[in-house]
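So the protein lines, in turn, are chains W and V. Here the first sequence is numbered in numbering that gives the first Met the number 0, starting from 0 and rising by one per residue. Here the second sequence is numbered in numbering that gives the first Met the number 0, starting from 0 and rising by one per residue. Yeah, the Cβ is synthetic: ideal placement off N, Cα and C, and Gly gets one too. Reviewing the structure listed below.
2 protein chains.
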Amino acid sequence: MRQPATIKDVALKAGCGVATVSRVLNNTGPASAAMRQRVLAAVNELDFQFSEVGRSLQSSRTGTIGCVVPSIANPVYADTVQGAQEIFLSAGFQTLLVCTNYNADIESNAIRTLIAKQVAGIVLTVSDAKTSEGLSLIEKRQVPHCLLFNAAPDNHVSWAVDDYAAAGRVADKFAENKHVHTGFLALNFQSSDRARQRYEGFAERCVYNGMSKPALLEVEEDSPELTDLLGKFLRNNPGLSGIFASNDLLALATIRSARKLSLDVPGDLSIVGFDGIKIGLMVEPSLATIATDPRMLGTYAGDTVLSMINGSALPSMPDTYQTFSFRDGGSLAPLAAESSDDGKAATFPPSKDPTKRQFNPNRRDQDEV
Amino acid sequence: MRQPATIKDVALKAGCGVATVSRVLNNTGPASAAMRQRVLAAVNELDFQFSEVGRSLQSSRTGTIGCVVPSIANPVYADTVQGAQEIFLSAGFQTLLVCTNYNADIESNAIRTLIAKQVAGIVLTVSDAKTSEGLSLIEKRQVPHCLLFNAAPDNHVSWAVDDYAAAGRVADKFAENKHVHTGFLALNFQSSDRARQRYEGFAERCVYNGMSKPALLEVEEDSPELTDLLGKFLRNNPGLSGIFASNDLLALATIRSARKLSLDVPGDLSIVGFDGIKIGLMVEPSLATIATDPRMLGTYAGDTVLSMINGSALPSMPDTYQTFSFRDGGSLAPLAAESSDDGKAATFPPSKDPTKRQFNPNRRDQDEV
DNA sequence: CTTAAATATGGAAACGTTTCCATGAAGAGA
DNA sequence: TCTCTTCATGGAAACGTTTCCATATTTAAG
C-alpha cells in the first residue's frame, strides 16, 4: 500500500499553504477563483483524499460507533446489528463490529479497545450486565451507549425484550394447553443472563399456574448429540409433554431431534421457541414462539446512541409497540385429547398415536402483551 | 463524555517527560524501578489509556480492517462476516462493517471512507465486480483486499463459490430427474452479479442437457406477494415442473407459497435452493440445494487479507475443499412416475395430470403483480 | 488620493503518540 | 582519580489535519 498524498503535497503542488487547501476543500473560508482552481487541479493530479486519522486527532471525532454482540451467526443478533448499522451509516457513522462469542474476556478487551479508538458511542449486548467489566469501563469513561437485550441496570439505557415476562407468557400458554410437566432447554446458560432470565420467568410462572417446576437441560453450542441428550432428558423426566427452548434455532433442532426419536411434534411433545425468526413460519409444523423484532430493537438502540451523541431527546418506545408477543404455531398443542382419548398420560415412550392432534389453524391471535 | 487523560497528564503527574511514560508503558526502553513505579501510579490515578487515534497517526496503522457486504440479514453474509471477524479479532484487528443493501452508491462511499480511515485491508462483496467504483479505488490505492462471493477479475483475489458451475450442477440434477421445463427465481437480479451468474450457468446447462431454457422470474426483496407471483408464473409457463431459487430463503418461501397454491412439493413441483443454510435440513421436506460454507469462505478471505498485510504467503484452497456441493433433499423428486406411465417423456407440453396439477389461484389477488 | 474595510493567504499551534537524539548520571576498568 | 561505557531521562520532531491569527492584497468609501 503506497502511502497516499497529504495536504502538504497538495499545497506544494498548488503553490500555496496548507491552510488554503483545507479551506478550499472544506469550503470553510474565502479563496480566489484562481486559487480554488489550482488546488482542485492539484487534488485531482495527486488523487488526494483527506486522512480521517489526522482529522480525528485534530477534531477528536472518529465518525465511528462500536457494536458488540455475542455472535451474528445467530440471526437475532445479525438482524439487530443490521438495523443499528443502517441507522449509523445514514447518520454518517461507520460501525466497528465485535462478536464476543459469549466470552467475557473478549468482551472486556474489545470494549477497552473501542474506547481507546474513541468511538462516538457503543451499542452492546453483554454477557452479564451486572458484572460486565466492559460496561463499567464505558460508564466510567462516560461513553454514550445503549444496551441491547440486557435488562438495564441503573443508569443505563437498554432496548430489550422482557425475557422474564415473555417466558412467563410461555408458561401460561403451556398451562392453557393443559401441560403439567415441561422442560427448559438452554444454550449458553452460564454465559447469558438472558437465558437465565427466561428460565426463571418460565419456572416461576409454571409454579404459579400449578404446573411442576420445569426440568432444565443445558446444551452445548449446537451440539450434534442433541438427539441423545434429548432422549436421555425425556427418559429422566417421564411425563414431560412440553419443551420451551431458549431460542428458535434450538427449538427447530429439538423438533428435528424429537423426530429422530420417533416422537411426533406436537402429538407427543409440544415445543415452543423464543425469538420469532422468520423460518419458524415456514416449517411444518410452524413453530410456536415468542415473536420479537430484533431489527427494530437495533434501530431504536442506534437512534438512542445517536441522540446521546448529539444531545437530543432519547427516542422512547411508542405505546403501540411491544417488545414481544406470543405467536401461536403448530408445534404447541393441547394435552387434553390424550387424556380423554386413550387415558394414558404422557409417559415415556410417548404414544405414537397416528391420529395426531391437529393444531387449529383458525387461531391466529397474535396475543399481544 | 469527559475527555480522558493524555500521556502529558501522566508525565506531569509522574514528574517526568512524555518519552519516559511511553517507554515504561510500552516496555520499549530502559527505566529505573522508581520511575516505573511513579509512572504506573500516575496511570492508575488518572485512569490513563493510550489514544489509538494518536497512535494511528504516528504509526500509520489503525488496527482496523473493513468488511463490506450487501446485508447481514442474509445468513450467508452473516456467517461470512462472523468468520472473517473472528480471524481479524484474533489477529488483533477490529472490523469496520458496512452493509450496502445492494446499493452501488453506498458501496462506493463506504469504501472511500474506509480508505480514508486507513483500514489495513478490506474484504468485500461488491454488487458488480466488473464495474465497481469502490473496487477500482481500492485497486488504485493498493489496499490489501480480498473479494468474497464475487468472481475475481484480473489482479484480484477472491474466495467465491463458482456460481456458474454450481448452477450447472443443479441443471444436471433436474435433468437426472427427468425434468424438462424449469424456472429460475431470482432476488436482486439487477444488483447482484451472483444471481446473474447462477441464472446463466443454469440456463446454459439446461439447454446442454436438452431441457428447455428456464423461465425467469425476478422477485422483489422478500415480497409478500410471492404466492401470487408464483401462481401467475406457473400459469404463464405451463408444464413447468421444477424451480431453482437463487437462494435458500427464497426457496423455502417458494415451498410455502407452493403449498398455499395447493401444490405438493415435490409431487407437483420440485424446488432446489442455493447456499445450504442449516435450516434447510430441518424442514419437511428437506431442501435440495447447493451446499456452501460461507463461514469458511469468510475465514479464508480474512486470512488472505491478513497475509497480504504482513506480506506472508496467501492461503490456498486445500485440494479436498470444494466451494460447493450438491445436497440432495426431499424437495427434488424425479418426474419419472408420470413419464413412465404414458411414455411421453420429452414431449412438449409435458404430460401432466390436470386434476393433480390444478391449483386454485386466489381470485382476489389474481391481478396483483 | 487617502483611509477603512473586506478579502486572500500563509505561518504556526494544537490534537496524542512514538522515536531519534542529546545530555546527565552512574558504574567499571585503569 | 580519570576516562569510557552503559543506563536514564527529557526535548523535540514527525504523523495529517484544522483553525487562530497576522499579514498582504484588493475593494469600497470618503
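Of all residues in the segment 59-79 of chain V, the ones placed with a Cβ closer than 9 Å to any Cβ belonging to chain W are S59, T61, G62, T63, G65, C66, S70, I71, A72, N73, P74, Y76, A77 and D78, in chain order. Distance check between W:T298 and each of W:A33, W:V80, W:V20 and W:A151 places W:V80 closest, using alpha-carbon atoms only.
W:E106 counts as buried, since no fewer than 16 other beta carbons sit within 10 angstroms of its beta carbon.
V:E44: not part of any beta strand (DSSP E); member of the alpha helix (DSSP H) spanning A32 to L45, first to last residue. For secondary structure counted as the beta strand (DSSP E) over 3 or more consecutive residues, the segment 207-257 of chain V holds these complete runs in sequence order: 214-218 and 241-244. A straight-line Cα-Cα distance of about 19 Å links V:G82 and W:N108. Minimum Cα-Cα distance from W:L123 among the listed residues W:R140, W:V97, W:A115 and W:K139 corresponds to W:V97. Look at V:V271: its C-beta is not under 8 Å from any C-beta on chain W.
In the structure shown, V:V156 falls within a coil segment according to DSSP collapsed to helix, strand and coil.
If you ignore the 5 residues before and after W:L313, its C-beta comes within less than 6 Å of the C-beta of T303 and S306, all in its own chain and listed in chain order. Rounded to whole angstroms, V:V42 and W:E219 show a C-alpha spacing of 41 Å. Its Cα nearest to that of W:E138, the residue W:I121 stands out among W:A90, W:V38 and W:I121.
Between V:A214 and V:G182 the beta-carbon gap is near 4 Å, inside 8 Å, which marks them as a contact.
By the neighbour-count criterion, in which a residue is buried when 16 or more other Cβ atoms sit within 10 angstroms of its Cβ, W:Q36 is exposed. Taken through DSSP and simplified to helix, strand or coil, W:G14 comes out as coil. Between W:K177 and W:P333, the C-beta spacing is below 8 Å.
Within chain V, no residue has its beta carbon less than 9 Å from that of W:E132; the closest one is some 14 Å off. Contact with chain V is absent for W:E199, since none of that chain's Cβ atoms lies less than 8 Å from the residue's Cβ. Distance from the CA of V:N246 to the CA of V:G53, rounded to the nearest whole angstrom, comes to 45 Å. Cβ-Cβ distances below 7 Å link V:R193 to F148 and D162 in the same chain, with the five nearest sequence neighbours on each side left out; the list follows chain order. In the DSSP assignment, W:R140 is bridged to no other residue. Proximity to W:S126 across W:R140, W:Q189, W:E224 and W:T291 peaks at W:Q189, based on C-alpha coordinates.
For the 8 Å CB-CB criterion, V:A13 and W:S50 do not form a contact.
Residues of chain V whose Cβ lies closer than 8 Å to the Cβ of W:T94 are, in chain order, L95, L96 and V97. For the segment 283-299 of chain V, residues whose beta-carbon sits nearer than 8 Å to a beta-carbon of chain W comprise E283 and R294. Each residue's CA atom was taken as its position, placing W:Y198 and W:H180 some 14 Å apart.
Straight-line spacing of the CA atoms in V:V9 and V:T322 works out to 54 Å. In the three-state reduction of the DSSP assignment, W:R60 falls in the coil class. Of the residues W:L134, W:A165 and W:A170, the one whose Cα lies closest to the Cα of W:N154 is W:L134. Within chain W, the C-beta atoms nearer than 8 Å to that of V:A252 come from M281, in chain order. V:A252 and V:L225 have their alpha carbons spaced roughly 8 Å apart. When the alpha-carbon of V:A174 is set against those of V:R234, V:F243 and V:L113, the nearest one is in V:F243.
If you look at V:L186, you'll find it in the beta strand (DSSP E) that goes T181 to L186.
The Cβ-Cβ distance between V:Q117 and V:S58 does not fall below 8 Å. A direct Cα-Cα distance of roughly 16 Å separates V:P143 from V:I86.
In this model, W:M295 and W:Y207 are separated by some 32 Å (Cα to Cα).
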